[in-house]
Amino acid sequence: VEKERQQQLDRQQQLKEREEERKLERHERAMERERSREAARQATERNARRLAALEEERKLERARLAAERNARREAFLADERRRDVELKRRRAENKKRVDERWRSKELGSPRVSPPHLVA
């Protein structure tokens, strides 16, 4: 009788120990899942920050390129204006020289008039 009682107590003790082990394993698995979730969340946050930083870099690069394009266009237009002004100045000088030459050479000759004055 004592032996049976001892065996039953041993079985109960073993069952209790196995239940404790299972509880511990469940707890460890739950903790591992939690760590895994946390690691995934952190990775997602890091990726989002990296993506935002890349997008910001691209935005700044596009703005820089646009500013360079605008500066080149402005420089080109300024050159065009300078060339136009220079061309007009030279044309005016040439016209003046031609007029003076015609006046000095052909002064008093009614049948000859400067080409730009002929109607």
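Residue numbering for the sequence shown follows my numbering, starting at -3 and increasing by one per position.
From the three backbone atoms N, C-alpha and C, an ideal C-beta is built for every residue, glycine too.
Q | Continuous alpha helix (DSSP H) assignments of at least 4 residues falling wholly in the stretch 66 to 99 | A | You should have found no qualifying run.
(Q) I want to check one thing, is the minimum distance from the CB of Arg97 to the heavy atoms of the ligand SAH below 8 Å? (A) For the structure depicted, the ligand SAH is absent and the ligand set is empty, with no information on it obtainable.
Q | Span separating the alpha-carbon of Arg68 from that of Arg78 | A | Going by the C-alpha atoms only, they are around 15 Å apart.
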